[in-house]
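Novice: Sequences listed follow chains A and B, in order.
Numbering-wise, numbering that gives the first Met the number 0 puts 67 at position 68 of the first sequence, and it's gapless, one number per residue.
Numbering-wise, numbering that gives the first Met the number 0 puts 20 at position 21 of the second sequence, and it's gapless, one number per residue.
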Amino acid sequence: MIDILTAILWLAGSAFALLAAVGVLRMPDVFTRMQASTKASTLGLGCLLLGTALQMGDLASFIRAASIGAFILLTTPVAGHVIARASYFAEVPLWKGTVLDERTRDGERRSATPESGQA
Amino acid sequence: MLDIVSRITLVTMGLALLIAFIRLVKGPTLPDRIVATDLLGVLIVGFIVVLAGWSGVHATLDAAIVIALIGFLGTVAYATYVERGDPQ
């Protein structure tokens, strides 16, 4: 029973990881690529960790798997925010199908650096 | 059965690592490469987690914890570098 559950969780997790990698390769833009890579870290790694914790089946490995999961769930949004902010202000070109860019007014991007005084 | 499933899982994770590495090589801008590196770190953690469940060695999960920590720090450091621009 535990083996079947572990097999399902591992297959689902690796499928999410593969889909995230394909999304990172195929998406047209940095920001859309970040959206695809999030799937690997939350759903994919969550399924793999749960399967491993079930398979090993003792308290020590369960605590280790839970701490990896909690750490990844805490740091992924922070890392995503930092990358998105840095790449936006580094003026990485947006995809030409982008419909809304709220920070851009009058054709130029407002910088968040203190020197410009507009942040 | 679980032996075959873990082999399939490891091959799938390896394929995902290869595809993420293609983006790391191709990536037209530096933030593309940072996103690919971040994804590579997460995929390596997943690979090691499956390997730990397959082999039953507890110490392998500690390696996964360390790689997860270092991957986050590396991502934040690269992003800070991009946001500051070239050092004068």
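For every residue, glycine included, the Cβ atom is placed at its ideal position computed from N, Cα and C.
Every value quoted in this text rests on a predicted model; they were computed, and no experiment measured them.
Between residue 15 of chain A and residue 83 of chain A, is the Cβ-Cβ spacing less than 8 angstroms?
Specialist: Numbered from 1 along the first sequence, position 16 holds the residue referred to as residue 15 of chain A. Numbered from 1 along the first sequence, position 84 holds the residue referred to as residue 83 of chain A. No; because the gap between Cβ atoms is not below 8 angstroms, this pair is not in contact.
Novice: Identify which residue in A/99, A/98, A/102 and A/94 has its Cα closest to the Cα of residue 32 of chain A.
Specialist: Counted from its first residue, the first sequence places residue 32 of chain A at position 33. If we check each option's Cα against that of residue 32 of chain A, A/94 comes out closest.
Novice: Around the Cβ of residue 60 of chain A, are there at least 16 other Cβ atoms within 10 angstroms (buried) or fewer (exposed)?
Specialist: Sequence index remark: in the first sequence, residue 60 of chain A carries index 61 (1-based). Classification for residue 60 of chain A: buried.
Novice: Compare the Cα-Cα distances from residue 18 of chain A to each of A/67, A/42 and A/71 and report the closest residue.
Specialist: In the first sequence, counting from the first residue as 1, residue 18 of chain A sits at position 19. Residue 18 of chain A has its Cα closest to that of A/42, out of A/67, A/42 and A/71.
Novice: From residue 50 of chain A to residue 49 of chain B, what does the alpha carbon distance come to, in whole angstroms?
Specialist: Taking the first residue of the first sequence as 1, we reach residue 50 of chain A at position 51. Taking the first residue of the second sequence as 1, we reach residue 49 of chain B at position 50. Between residue 50 of chain A and residue 49 of chain B, the C-alpha separation is close to 8 angstroms.
Novice: Are the C-beta atoms of residue 59 of chain A and some chain B residue less than 8 angstroms apart?
Specialist: By one-based count along the first sequence, residue 59 of chain A stands at place 60. Residue 59 of chain A counts as touching chain B.
Novice: Among B/57, B/67 and B/33, which residue has its Cα nearest to the Cα of residue 44 of chain A?
Specialist: Working through the first sequence from its first residue, we reach residue 44 of chain A at position 45. The option with the nearest alpha carbon to residue 44 of chain A is B/67.
Novice: Please compile the residues from chain B whose C-beta is within a distance smaller than 7 angstroms of the C-beta of residue 102 of chain A.
Specialist: In the first sequence, residue 102 of chain A corresponds to position 103, counting from 1. In chain order: nothing, as chain B lies at least about 15 angstroms away.
Novice: Is there a Cβ of chain A sitting closer than 8 angstroms to that of residue 69 of chain B, yes or no?
Specialist: As a position in the second sequence, residue 69 of chain B is number 70, starting the count at 1. No, its Cβ sits nowhere closer than 8 angstroms to a Cβ of chain A.
Novice: Helix, strand or coil for residue 97 of chain A, going by three-state DSSP, please let me know.
Specialist: Residue numbering aside, residue 97 of chain A sits at position 98 when the first sequence is read from its first letter. In this structure, residue 97 of chain A counts as coil in the three-state DSSP scheme.
Novice: Quick check on the burial criterion: 16 or more other C-beta atoms within 10 angstroms. Buried or exposed for residue 5 of chain A?
Specialist: In the first sequence, counting from the first residue as 1, residue 5 of chain A sits at position 6. When all chains shown are included, residue 5 of chain A counts as buried.
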